[in-house]
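Colleague:
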Amino acid sequence: MSRTLITGALLTALVLAAALLSYVWTPADPEAMTIADRLQPPNAAHWLGTDHFGRDILTLLMIGARTSIAVALVAVGIGIALGVPLGLAAAARHSSLLDEVISRGNDLVFAFPSLVIAILITAILGPGALNAILAIGIFNIPVFARLTRGAALGLWSREFILAARVAGKGRARISAEHILPNIANLLIVQGTIQFSLGILAEAGLSYVGLGAQPPTPSWGRMLAEAQTMVALAPHVAIIPGLAIVFTVLGLNLLGDGLRDTLDPRLKVQRL
Amino acid sequence: MLAYLTRRLTSLILSLAVASLEIFLVVEVAPGDPARFMLGINARPDTVAALRAELGLDVPRVERYLAWVGGMLTGDFGTSYTYRAPVTEMIADRLWVSLPLALYALALSTVLAFPAGLLAAAKRGRAGDYGVMAGTQLGIAIPNFWFAMLLVLLFAINLGWFSAGGFPGWENPALAIKSLTLPAVALALPQAAILARVLRSALIEITGEDFMRTARAKGLTRGQALWRHGLRNALIPVLTILGLQFSFLLAGAIIIEQVFFLPGLGRLIFQSISQRDLIVVESVVMLLVFAVIMVNFLTDLAYAIVDPRLRRRA
């Protein structure tokens with residue numbers, strides 16, 4: 001096991017554990033506002049300090065992790081659930097009209113500046129975690145469709161697929177039983193990358209006020225609220241940002257590590 | 001080349017047509033009638049109807065779509081509902097902030113990424129490589145708006161070298177560039193990290209080529225060989241990323257403009273969305289999409305000129 005994989009897995013596990021722990025225990029009540037204790041730097045009572053309402057920052061971070069993870073995870077789920085079947089179908093009917101439509105559709109979505117459209121979607125449908133998921137998820141579909149199609153196309157000319165066709169299996173069944181298991185590694189690796197991009201996108205959307213709405217804590221909004229207080233209490237702005245960096249870094253390292261472990265051949269091509 | 005150009009041009013026009021239709025539909029299904037929004041909840045129905053007629057909202061959607069697209073082709077984006085000013089002028093004003101910002105960031109990210117990528121490739125597997133790679137991992141993981149806040153904290157609040165936000169206009173170019181510096185650095189960092197990684201892997205791939213071995217055999221050091229022969233050949237993937245980055249930078253500028261209170265396209269989008277100024281929203285988004293599609297088209301064209309093999313494959 002590589003050091004990259006272990007570091008990534010540890011960081012990711014830490015964030016996941018904090019998010020899960022917040023369901024049963026948090027250091028303080030997330031909605032308890034003690035104005036007298038506001039903007040305290042990290043101390044014994046509040047390990048990561050307090051915000052402008054006197055709320056415990058560690059508590060907000062733990063609950064905020066839930067929002068970030070949920071939004072990014074469901075967005076990846078949307079990408080896989082819709083993108084993978086589309087990619088499989090396009091590869092199974094290579095060069096057909098279906099393939100052409102799916103491929104051109106992918107190109108078109110890729111041509112859109114995703115962030116602008118995500119902002120447009122959430123602004124139009126109204127801010128909130130659900131619409132943020134939708135806005136981020138839409139852009140995951142072509143990512144997985146293109147990856148699946150490319151990888152599946154390479155497999156369709158292989159002998160074991162020919163054998164399955166000779167045995168009388170249909171295209172859909174071959175895709176599900178033989179193609180999918182062989183590209184699962186790739187999908188897992190891409191999944192972690194899209195997951196980390198989703199965390200960043202969610203943070204950006206909630207920073208501009210289009211993500212999860214108050215009182216649900218979210219990392220991006222914690223940063224937005226901290227912005228005006230950055231001179232008074234820098235920790236309020238620094239800590240939530242560090243949480244995002246650790247999470248994204250952890251997922252990226254996990255993805256890199258998984259890629260190297262699952263498919264050593266890819267090592268040479270790694271970016 | 002002509003056949004290739006025709007094919008790419010057709011697909012370009014098709015993409016733009018579909019994109020404009022999608023944007024129009026998305027904005028049109030938005031809840032909230034602009035006329036009702038402008039007049040407030042107590043407005044009488046006939047007043048709302050009169051304003052709808054004045055804004056041209058009572059015309060069937062198909063006609064409105066055609067009028068919008070037709071107008072854009074002649075450079076007329078319509079009239080803003082809220083400001084009653086030509087959208088073209090509003091966009092042009094804001095473009096003078098967003099476009100220089102994106103170009104500034106693009107230049108910075110290139111200047112940062114090239115030495116870093118070259119260093120990492122030349123020192124592959126050694127401390128320099130690990131240092132650069134660790135730095136780029138961090139660069140990719142940092143949300144640019146947070147990095148922007150850290151820059152403000154350090155260089156504006158603590159050191160006082162830059163202002164924390166705002167834009168003085170282009171009357172004094174030095175001052176204008178100074179006020180765009182922190183935003184550009186914030187935008188450039190993640191892009192530079194990606195670019196450096198792409199450059200490194202492209203260079204490493206090329207190191208294995210015969211002509212590189214010949215160059216080394218002639219007595220060049222690894223660094224010299226990379227600089228004289230490798231870099232030029234590694235430029236294709238790097239150009240692709242540069243093309244893509246420009247669109248990321250234009251879009252990323254939307255959020256960074258919020259951090260620095262810059263009066264650019266991003267601020268315009270947010271303002272118009274909250275005021276239900278649909279015509280402005282549609283036009284700005286269309287402009288950004290147009291920019292992205294055009295840059296992709298030009299990048300493809302540039303390859304086809306540089307590398308004739310690509311004309312057949314595309």
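These protein sequence lines are chains A and B, in that order. Counting along the first sequence from 1, when you hit position 266 you're at 266 in the UniProt record's numbering, and nothing is skipped either side. Counting along the second sequence from 1, when you hit position 283 you're at 283 in the UniProt record's numbering, and nothing is skipped either side. Ideal Cβ positions, reconstructed from N, Cα and C, are used throughout, including at glycine. Here the structure is a predicted model, which is why all the values come from computation and not from measurement.
1) What residues in the region 220-231 of chain A have a beta carbon less than 7 angstroms from any beta carbon of chain B?
2) Just how far apart, CA to CA, sit Phe248(B) and Gly78(B)?
3) Does any residue of chain B bring its CB to less than 9 angstroms from the CB of Gly64(A)?
4) Taking 9 angstroms as the threshold (beta carbon to beta carbon), is Gln245(B) in contact with chain A?
5) Identify the continuous alpha helix (DSSP H) that holds Leu17(B) and give its terminal residues.
6) Kindly indicate which three-state DSSP category Pro127(A) falls into: helix, strand or coil?
7) Whole angstroms are fine: how far does the CA of Gly160(B) sit from the CA of Trp170(B)?
8) Kindly indicate which three-state DSSP category Asp56(A) falls into: helix, strand or coil?
9) Which value, in whole angstroms, describes the spacing of the CA atoms of Arg270(A) and Asn185(A)?
10) Going by C-alpha to C-alpha distance, which of His229(B), Ala253(B), Leu278(B) and Phe147(B) sits closest to Pro234(A)?
11) Tell me whether Gly257(A) is buried or exposed, calling it buried when 16 or more other Cβ atoms sit within 10 Å of its Cβ.
12) To the nearest angstrom, how far is it from the Cα of Val268(A) to the Cα of Leu58(A)?
13) Cα separation between Leu254(A) and Thr7(A)?
14) Answer yes or no: do Pro100(B) and Ala176(B) have a C-beta to C-beta separation smaller than 9 angstroms?
15) Quick one: is Ser11(B) near chain A, going by C-beta distance under 9 angstroms?
16) If we require 4 or more residues per run, which alpha helix (DSSP H) segments fall completely within the region 107-152 of chain A?
17) Can you say whether His46(A) is buried or exposed, counting buried as having 16 or more other CB atoms within 10 angstroms of its CB?
18) Name the residues in the region 126-145 of chain B whose C-beta lies less than 8 angstroms from a C-beta of chain A; which are they?
19) Interface residues of chain A around Gly252(B) at Cβ under 7 angstroms?
20) List the residues of chain A that Leu288(B) touches, going by C-beta distances under 8 angstroms, in chain order.
21) CB Ser196(A) to CB Leu251(A), shorter than 9 angstroms?
22) Can you grab the Cα-Cα spacing for the pair Phe261(B) / Thr207(B), in whole Å?
23) Check whether the Cβ of Ser15(B) lies closer than 9 angstroms to any Cβ atom in chain A.
24) Could you confirm whether any beta carbon from chain A is found closer than 9 angstroms to the beta carbon of Asn42(B)?
25) Identify every run of the alpha helix (DSSP H) within the region 176-243 of chain A, keeping only runs that are complete inside it and at least 4 residues long; order them along the chain.
26) Quick one: measure Cβ to Cβ for Asn140(A) and Gln194(A), integer angstroms, because I've assumed they're closer than 8 angstroms.
27) For Thr74(B), which of helix, strand or coil comes out of DSSP?
28) For Arg200(B), tell me which candidate among Val185(B), Leu235(B), Leu180(B) and Tyr83(B) has the shortest Cα-Cα distance.
29) Hey, is Phe24(B)'s beta-carbon within less than 9 angstroms of any beta-carbon in chain A?
30) Of all Cβ atoms in chain D, is any one closer than 9 angstroms to the Cβ of Tyr207(A)?
31) Out of curiosity, what's the CA-to-CA distance linking Arg221(A) and Ala203(A)?
32) Let's test the definition: count the other Cβ atoms within 10 Å of the Cβ of Pro60(B) and tell me whether it reaches 16, buried, or not, exposed.
33) Can you give me the C-alpha to C-alpha distance between Val88(A) and Ala174(B), rounded to a whole angstrom?
34) Report the CB separation of Ala141(B) from Val245(A) in whole angstroms; it is logged as a contact under 8 angstroms.
35) By Cβ distance below 6 angstroms, which residues in the same chain neighbour Ala193(B) in space, the five residues on each side in sequence not counted?
36) Can you give the Cα-Cα distance for Gly83(A) and Gly219(B), rounded to whole angstroms?
Modeller: To lay it out plainly:
1) Here the close residues are Leu223, Gln227, Val230 and Ala231.
2) Against the second sequence, residue 248(B) aligns to sequence position 248. Against the second sequence, residue 78(B) aligns to sequence position 78. Here the alpha carbons of Gly78(B) and Phe248(B) stand approximately 27 angstroms from one another.
3) As a first step, residue 64(A) must be located in the first sequence, where it is residue number 64. No, because no Cβ of chain B sits closer than 9 angstroms to the Cβ of Gly64(A).
4) Looking up residue 245(B) in the second sequence gives position 245. Using a CB distance cut-off of 9 angstroms, Gln245(B) does not count as an interface residue toward chain A.
5) Mapped onto the second sequence, residue 17(B) falls at position 17. This sequence places Ala at residue 17(B); Leu is not what is there. Run containing Ala17(B): Leu2 to Glu28, per the alpha helix (DSSP H) assignment.
6) In the first sequence, the residue the question calls residue 127(A) occupies position 127. Coil, per DSSP.
7) The residue labelled residue 170(B) in the question sits at position 170 within the second sequence. The residue labelled residue 160(B) in the question sits at position 160 within the second sequence. Answer to the nearest angstrom: the Cα atoms are 22 angstroms apart.
8) Counting from 1 along the first sequence, the entry for residue 56(A) is found at position 56. In the structure shown, Asp56(A) sits in a strand (DSSP, three-state: E or B).
9) As a first step, residue 270(A) is located in the first sequence; it is residue number 270 there, counting from the start. As a first step, residue 185(A) is located in the first sequence; it is residue number 185 there, counting from the start. Caution applies to Arg270(A), whose pLDDT of 41 falls short of 50 and renders its modelled position unreliable; the model cannot decide the point.
10) Against the first sequence, residue 234(A) aligns to sequence position 234. Comparing Cα-Cα distances from Pro234(A) to each of His229(B), Ala253(B), Leu278(B) and Phe147(B), the minimum goes to Phe147(B).
11) Locating residue 257(A) in the first sequence gives position 257, counting from the first residue. Burial call: buried.
12) Counting from 1 along the first sequence, the entry for residue 268(A) is found at position 268. Counting from 1 along the first sequence, the entry for residue 58(A) is found at position 58. Residue placement at Val268(A) is poorly supported in this model, since its pLDDT is 45, which falls under 50; the coordinates still yield a value, given next. Straight-line Cα distance between these residues: approximately 41 angstroms.
13) Against the first sequence, residue 254(A) aligns to sequence position 254. Against the first sequence, residue 7(A) aligns to sequence position 7. The straight-line gap separating the alpha-carbon atoms of Leu254(A) and Thr7(A) is approximately 7 angstroms.
14) On the second sequence, position 100 is the one that residue 100(B) refers to. On the second sequence, position 176 is the one that residue 176(B) refers to. Contact: yes.
15) Taking the first residue of the second sequence as 1, we reach residue 11(B) at position 11. Ser11(B) counts as touching chain A.
16) Note on the region 107-152 of chain A: whole alpha helix (DSSP H) runs with a minimum of 4 residues are 114-125, in chain order.
17) As a first step, residue 46(A) must be located in the first sequence, where it is residue number 46. Note on His46(A): 16 or more other CB atoms within 10 angstroms of its CB, so buried under the neighbour-count rule.
18) Across the region 126-145 of chain B, CB contacts with chain A closer than 8 angstroms involve Gln137, Leu138, Ile140, Ala141, Ile142, Pro143 and Phe145, in sequence order along the chain.
19) Position 252 of the second sequence, counting from 1, holds the residue named residue 252(B). What Gly252(B) touches in chain A, judged by beta-carbon distance under 7 angstroms, is Leu115, going in chain order.
20) By one-based count along the second sequence, residue 288(B) stands at place 288. By Cβ distance, chain A contributes Pro113 and Val116.
21) Looking up residue 196(A) in the first sequence gives position 196. Looking up residue 251(A) in the first sequence gives position 251. Judged by beta-carbon spacing, Leu251(A) lies within the 9 angstroms limit of Ser196(A), meaning their Cβ atoms are closer than that value.
22) Position 261 of the second sequence holds residue 261(B). Position 207 of the second sequence holds residue 207(B). Distance between the alpha carbons of Phe261(B) and Thr207(B) is about 46 angstroms.
23) Numbered from 1 along the second sequence, position 15 holds the residue referred to as residue 15(B). Yes, because at least one Cβ of chain A sits closer than 9 angstroms to the Cβ of Ser15(B).
24) The residue labelled residue 42(B) in the question sits at position 42 within the second sequence. Closer than 9 angstroms: no.
25) Considered as a whole, the region 176-243 of chain A harbours 180-207 and 219-226 as its complete alpha helix (DSSP H) runs of no fewer than 4 residues, in chain order.
26) Translated into positions along the first sequence, residue 140(A) becomes position 140. Translated into positions along the first sequence, residue 194(A) becomes position 194. In this structure Asn140(A) is in contact with Gln194(A), their Cβ atoms being roughly 5 angstroms apart against a cut-off of 8 angstroms.
27) Along the second sequence, read from residue 1 onward, the residue named residue 74(B) stands at position 74. Per DSSP, reduced to three states, the secondary structure at Thr74(B) is coil, with no helix or strand assignment.
28) Here residue 200(B) refers to the residue found at position 200 of the second sequence. Of the listed residues, the one whose Cα sits closest to Arg200(B) is Leu235(B).
29) For the purposes of this step, residue 24(B) is identified with residue 24 of the second sequence, where counting begins at 1. Cβ-Cβ to chain A under 9 angstroms: no for Phe24(B).
30) The structure shown contains no chain D; the protein chains it does contain are A and B.
31) Counting from 1 along the first sequence, the entry for residue 221(A) is found at position 221. Counting from 1 along the first sequence, the entry for residue 203(A) is found at position 203. Going by the C-alpha atoms only, they are around 8 angstroms apart.
32) Locating residue 60(B) in the second sequence gives position 60, counting from the first residue. By the neighbour-count rule (16 or more Cβ atoms within 10 Å), Pro60(B) is not buried but exposed.
33) For this step, residue 88(A) is matched to residue 88 along the first sequence. For this step, residue 174(B) is matched to residue 174 along the second sequence. Residue identity differs from the one stated: residue 88(A) is Leu in this sequence, not Val. Rounded to whole angstroms, Leu88(A) to Ala174(B) spans 55 angstroms at the Cα level.
34) Walking along the second sequence from the start, residue 141(B) turns up at place 141. Walking along the first sequence from the start, residue 245(A) turns up at place 245. With 8 angstroms as the limit, Ala141(B) and Val245(A) qualify as a contact, their Cβ atoms being about 5 angstroms apart.
35) In the second sequence, counting from the first residue as 1, residue 193(B) sits at position 193. These residues qualify, in order along the chain: Thr136, Gly139 and Ile140.
36) On the first sequence, position 83 is the one that residue 83(A) refers to. On the second sequence, position 219 is the one that residue 219(B) refers to. Gly83(A) and Gly219(B) have their C-alpha atoms roughly 51 angstroms apart.
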